[in-house]
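**Student:** Questions regarding the structure given below will be posed in turn.
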Amino acid sequence: MEEFRGRAAIAPLCRAASACWGDRATLHPGNVWWSALPRHGTIDDWRVAIWSDSAGPLAAAWLEGPHRATILATATHPKRDKMLGDAAHWAVKHGDRHELRTEVLEADRAVVAAWESHGLHQRRSSANLLRDVRDLTDLGDPAPLPGYRVRPVRDTAVDHAARVELHVASWSTTIHLSDFDDGGYAILRQSPYYRPELDIVIEGPDGRVHGSALTWWDELTKVGLLWPVGVRPEKRRMGLGRAVVLSALWALRALGGHEVIVWPRGDNDYPGPAVMFAGLGWASSGRTIALGR
Numbered sequence: 006m007e008e009f010r011g012r013a014a015i016a017p018l019c020r021a022a023s024a025c026w027g028d029r030a031t032l033h034p035g036n037v038w039w040s041a042l043p044r045h046g047t048i049d050d051w052r053v054a055i056w057s058d059s060a061g062p063l064a065a066a067w068l069e070g071p072h073r074a075t076i077l078a079t080a081t082h083p084k085r086d087k088m089l090g091d092a093a094h095w096a097v098k099h100g101d102r103h104e105l106r107t108e109v110l111e112a113d114r115a116v117v118a119a120w121e122s123h124g125l126h127q128r129r130s131s132a133n134l135l136r137d138v139r140d141l142t143d144l145g146d147p148a149p150l151p152g153y154r155v156r157p158v159r160d161t162a163v164d165h166a167a168r169v170e171l172h173v174a175s176w177s178t179t180i181h182l183s184d185f186d187d188g189g190y191a192i193l194r195q196s197p198y199y200r201p202e203l204d205i206v207i208e209g210p211d212g213r214v215h216g217s218a219l220t221w222w223d224e225l226t227k228v229g230l231l232w233p234v235g236v237r238p239e240k241r242r243m244g245l246g247r248a249v250v251l252s253a254l255w256a257l258r259a260l261g262g263h264e265v266i267v268w269p270r271g272d273n274d275y276p277g278p279a280v281m282f283a284g285l286g287w288a289s290s291g292r293t294i295a296l297g298r
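Right, here's the structure in full:
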C-alpha cells in the first residue's frame, strides 16, 4: 500500500479510478479533477491510499480532509470485499472517526457493508444523486434553435473568459454565487482528462454563449463523465440544454467513447436535469445514499 498527500495524490487516484471502473463505480477521473479545483477547499488536506499488484491499482481510499471519504476497488477481483474493508479501515483510522461521512451507491452492497462494519450507517438526507448511464448509439440530432450554433470553446482569452462567466451565470442563484473563476478554469484545462473538443458551448444570435456541457474523457475506459452542464436562467426551457448535451455526445463518440455517465439529483427539489437526461436516453443504475456516524 502506498500513501499520497495533497496535489501529488491526484494522478494515482485517477489511475485507481480508471482501474476500478465498472457498472457500480462512482468515481471517474473527472470527478477527481473537479474536486481538485481551488473552489472545493484545500487540496493540501487530501490523503489517498492505493493498494496495487504488479498489473496496477486494485483499490483506493480517499480522504478529502478529515470528514469526507471515498473507497473503491476493482469490480471483478475475488477479494474485492476484503480490499474494500481494508480501504474503509484506513479511512476511519486517518479521518475523523467521530464525524466521517461518505456517499455511496446504494446498490453496491459490498461498499455499504465495508462502511457499516467500520461504524458508518445510513443517514437521512434530503438529496441524492442518480447514477445515469448511456451508450453512444442512436444519438439524436442536436438541432439548436435558428440563430444558435453549437461549437467547442476556442483557445482564446476572450472565449475562456466567456466560458467562465457563463458557468457562473448558470450555477448561481439568488442565495448562492458560484465561485468558479479564471484560475479554476485554467487548472481544469491542464487536466489530462480534459479535451478541448469536449468543452462545448452554444452561441446565440447576439454572439454570447448561453449554454455549456463539459465531458471528461478517460482514455483507458473509453467512458466520459458529463459534468457540469449549464444554461443561463433566462434561456432555459428553450431546448438549449438538449442541444448542447447531444452535441457533447456526438463529440465524445467521435473521440472513441462508448459510454457516458452523468449524476443528476434524484430528489424532488430539483428534478429538471434528471427528466432531461432520461428523455435523452440515459437510464439510472442506482442512487446514492449518505453514510456517517
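Each residue of the sequence shown is one higher than the one before, starting from 6 at the first, in my numbering.
Think of the CB as a built atom: it goes at the ideal place given N, C-alpha and C, for glycine as much as any other residue.
1. Assuming W258 and L285 make a contact with CB atoms under 8 Å, what is their CB distance in whole Å?
2. Can you say whether Y153 is buried or exposed, counting buried as having 16 or more other CB atoms within 10 angstroms of its CB?
3. Considering only residues of the same chain and omitting the five flanking positions on each side of T226, which have a CB-CB separation below 7 Å?
4. Do L105 and R298 have their C-beta atoms within less than 8 Å of each other?
5. Judging by CA-CA distance, which residue of R213, E208 and L203 is the nearest neighbour of W222?
6. Check each candidate in V116, R292 and H126 and name the one with the smallest Cα separation from R102.
7. Out of curiosity, what's the CA-to-CA distance linking S131 and W51?
8. Indicate the three-state DSSP secondary structure (helix, strand or coil) for H82 in the structure shown.
9. Report the rounded CA-to-CA distance for P157 versus A253, giving the unit in angstroms.
10. Can you name the start and end residues of the beta strand (DSSP E) that W290 belongs to?
11. Which value, in whole angstroms, describes the spacing of the CA atoms of V97 and S289?
12. With DSSP as the reference, identify every bridge partner of T107, one or two as the case may be.
13. Taking all protein chains shown into account, decide if L18 is buried (16 or more other Cβ within 10 angstroms of its Cβ) or exposed.
14. Taking the alpha-carbon of G262 as reference, which of L42, P43 and T220 has the nearest alpha-carbon?
15. Who does D140 pair with in a DSSP beta bridge?
16. On the premise that L171 lies in contact with G35, defined as a C-beta separation below 8 Å, what is that separation, rounded to the nearest angstrom?
17. Would you say V109 and I294 are within 8 Å of each other, going by their C-beta atoms?
18. Over what stretch of residues does the alpha helix (DSSP H) that includes H165 continue unbroken?
19. With DSSP as the reference, label W26 as helix, strand or coil.
20. Please return the same chain residues whose Cβ sits closer than 6 Å to the Cβ of I266, not counting the five positions on each side in sequence.
21. Flag R12 as yes when its Cβ comes closer than 7 Å to any non-hydrogen atom of the ligand ZN, and as no otherwise.
22. Provide the residue(s) that pair with P62 in DSSP beta bridges, ordered along the chain.
23. So P233 is in the beta strand (DSSP E); what residue range does that whole segment cover?
24. Under a Cβ-count criterion, where at least 16 other Cβ atoms within 10 Å of its own Cβ denotes burial, should T31 be classed as buried or exposed?
**Tutor:** The answer reads as follows:
1. Taking the first residue of the sequence shown as position 1, residue 258 is located at position 253. Taking the first residue of the sequence shown as position 1, residue 285 is located at position 280. At residue 258 the sequence reads Arg, which differs from the Trp that was named. About 14 Å separates the two Cβ atoms, so there is no contact after all.
2. Here residue 153 corresponds to residue number 148 of the sequence shown, with the count starting at 1. Buried is the call here.
3. Working through the sequence shown from its first residue, we reach residue 226 at position 221. Cβ neighbours of T226 beyond the five flanking positions: S23 and W26.
4. Stepping through the sequence shown from its first residue, residue 105 is reached at position 100. Stepping through the sequence shown from its first residue, residue 298 is reached at position 293. Going by C-beta atoms, L105 is nearer than 8 Å to R298.
5. Your numbering for residue 222 matches position 217 in the sequence shown. Of R213, E208 and L203, the residue nearest in Cα terms is L203.
6. Along the sequence shown, read from residue 1 onward, the residue named residue 102 stands at position 97. It is H126 whose Cα lies nearest to the Cα of R102.
7. Looking up residue 131 in the sequence shown gives position 126. Looking up residue 51 in the sequence shown gives position 46. If I take the Cα positions, the gap works out to 27 Å.
8. For this step, residue 82 is matched to residue 77 along the sequence shown. Reduced to three states, the DSSP call for H82 is coil.
9. Taking the first residue of the sequence shown as position 1, residue 157 is located at position 152. Taking the first residue of the sequence shown as position 1, residue 253 is located at position 248. Rounded to whole angstroms, P157 to A253 spans 9 Å at the Cα level.
10. Indexing the sequence shown from 1 puts residue 290 at position 285. Note that residue 290 corresponds to Ser in the displayed sequence, not to Trp. Its beta strand (DSSP E) spans residues A288 to G297.
11. Position 92 of the sequence shown, counted from the start, is the residue given in the question as residue 97. Position 284 of the sequence shown, counted from the start, is the residue given in the question as residue 289. A straight line joining the alpha-carbon of V97 with that of S289 spans about 30 Å.
12. Taking the sequence shown and counting its residues from 1, the one referred to as residue 107 is at position 102. In the DSSP output, where bridge partners are listed per residue, T107 has L296.
13. Within the sequence shown, residue 18 is the residue found at index 13, counting from 1. By the 10 Å Cβ count, L18 comes out buried.
14. Position 257 of the sequence shown, counted from the start, is the residue given in the question as residue 262. The residue with the shortest Cα to Cα distance from G262 is T220.
15. The residue you call residue 140 lines up with position 135 of the sequence shown. Under DSSP, D140 forms a beta bridge with E264.
16. Position 30 of the sequence shown, counted from the start, is the residue given in the question as residue 35. Position 166 of the sequence shown, counted from the start, is the residue given in the question as residue 171. Contact flag wrong, Cβ pair sits at about 19 Å.
17. Looking up residue 109 in the sequence shown gives position 104. Looking up residue 294 in the sequence shown gives position 289. Result yes, Cβ atoms of V109 and I294 sit closer than 8 Å.
18. The residue labelled residue 165 in the question sits at position 160 within the sequence shown. Residues A162 to W176.
19. As a working note, residue 26 is residue 21 in the sequence shown. Assignment of W26 by DSSP, reduced to helix, strand and coil, places it in the coil class.
20. Residue mapping note: residue 266 aligns to position 261 of the sequence shown, counting from 1. Excluding its 5 nearest sequence neighbours in each direction, I266 has C-beta neighbours in its own chain below 6 Å: V138 and L230, listed in chain order.
21. For the structure depicted, the ligand ZN is absent and the ligand set is empty, with no information on it obtainable.
22. Indexing the sequence shown from 1 puts residue 62 at position 57. DSSP lists S57 as partners of P62.
23. If you number the sequence shown from 1, residue 233 lands on position 228. Segment V228 to V236, the beta strand (DSSP E) holding P233.
24. For the purposes of this step, residue 31 is taken as residue 26 along the sequence shown, with counting starting at 1. Buried, because 16 or more other Cβ atoms sit within 10 Å of the Cβ of T31.
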